[in-house]
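Take 0 as the starting number for the sequence shown in numbering that gives the first Met the number 0 and just add one per residue.
As structure tokens, the structure follows; a few thoughts come after it.
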Amino acid sequence: MFNTLRVDHIGIAVKDLEQAKKFYTEVLGMECMGEEVVEEQKVKVCFIPCGDSEVELLESTSPDGPIAKYIEKNGEGIQHLAIRVDDIEAALADLKAKGVRLIDEKPRYGAGGASIAFVHPKATGGILLELSQRK
Ligand code: ZN
0 MFNTLRVDHI GIAVKDLEQA KKFYTEVLGM ECMGEEVVEE QKVKVCFIPC
50 GDSEVELLES TSPDGPIAKY IEKNGEGIQH LAIRVDDIEA ALADLKAKGV
100 RLIDEKPRYG AGGASIAFVH PKATGGILLE LSQRK
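Following this line, the structure appears as structure tokens:
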């Protein structure tokens, strides 16, 4: 079995990361940490800590990346919810055994060195759910 620990972050798809950051930093007075390009997912991200959780801003680095496609279809906005788990391998095995539709059957690299995997929105009531295990 695995444990769900907390909301890890909420992922927000934005067209322009620098522009989007301004609202959080200049208006809300929050701080942007850990800016990173994740080549595999064709995104540039920054994390904005807020209490026990974070806001993850995601800008596509390519017109055919998942974030670009998301924005094309839905516009900018909340793209996924990430739940922190203590054992992502166990979580995926458990969900698979329960017949839950997964996007990733194996963990992959996530920003900040996390191990992440996505659960299909059809299995979650419409939310793209990310499981995240931090080091
Ligand atoms: Zn995320």
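Beta carbons: idealized from backbone N, C-alpha and C, even for Gly.
- [ ] State yes or no: is the C-beta of Glu34 nearer than 7 Å to some heavy atom of the ligand ZN?
- [x] Because no heavy atom of the ligand ZN lies under 7 Å away, the Cβ of Glu34 does not count as near it: no.
- [ ] Say yes only if the C-beta of His79 is nearer than 7 Å to one or more non-hydrogen atoms of the ligand ZN, and no if none qualify.
- [x] yes
Task: the stretch 55–64 contacting the stretch 97–104, beta-carbon criterion three pairs below 8 Å - done: no
Open item on the list: So the candidates are Thr24, Gly64 and Gln40; which of them puts its Cα closest to the Cα of Pro48?
Closed with: Thr24
TODO: Check whether the Cβ atoms of Ser114 and Arg83 lie closer than 8 Å to each other.
DONE: no
Open item on the list: Using only the alpha-carbon positions, how far apart do Lys20 and Cys31 sit?
Closed with: 7 Å
Task: Per-residue DSSP class, three states only, for Phe46 - done: strand
- [ ] Within the same chain, show all residues whose beta-carbon is closer than 8 Å to that of Phe1, passing over the 5 residues directly before and after it, in chain order.
- [x] Val84, Asp85, Asp86, Ile87, Ala89, Ala90 and Asp93
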